[in-house]
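First comes the structure, then the notes that go with it.
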Amino acid sequence: MIASASKVSKTKDIAKSVEFELFKNWYGVSYKSADQIFTILNLDRAGSSLFTGPWLDTWIRYMIMFEEWYFHNHMAKTLFKYYDENDLSQMIKTAKSNPNTEKLASYIENALLRFNNLPKSD
């Protein structure tokens, strides 16, 4: 619902506010780690559709906010917990060839490269 609302100009600001409140609840009230949110959003079971659903983008936005507070718990650590390096590499390569997921795939690839865990795809 938040993802859909954020794509409509009339509801975009409301969606951002709702998402921010959700993030504050996850972090400040429920004390959810980025890893826990990853599983709550079922990203651990997304498989090859990891890049095509709306939840990866939501998790990344949470992760960015979360890392400001807990920078030692990195995105790469969570991704590699649920996905093997070769699978991630292939998913990133596939996602980079799709204009709808290219930016997101590049962002994740760069995050993973910073941790020297994934060879760059071409």
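Numbering-wise (full-length UniProt numbering), the sequence shown opens with residue 1 and increments by one.
Glycine residues also receive a C-beta, built at the ideal position from the N, C-alpha and C atoms.
- Annotation for N110: the continuous alpha helix (DSSP H) segment containing it runs 102-114.
- Cβ atoms of A15 and S9 stay farther apart than 8 Å, at about 11 Å.
- The three-state reading of DSSP puts F38 in helix, counting H, G and I together.
- Restricting attention to beta strand (DSSP E) runs no shorter than 3 residues, the region 1-85 encloses none.
- Taking a contact as a CB-CB distance under 8 Å, the pair L88 and D57 does not count as one, their CB atoms being some 16 Å apart.
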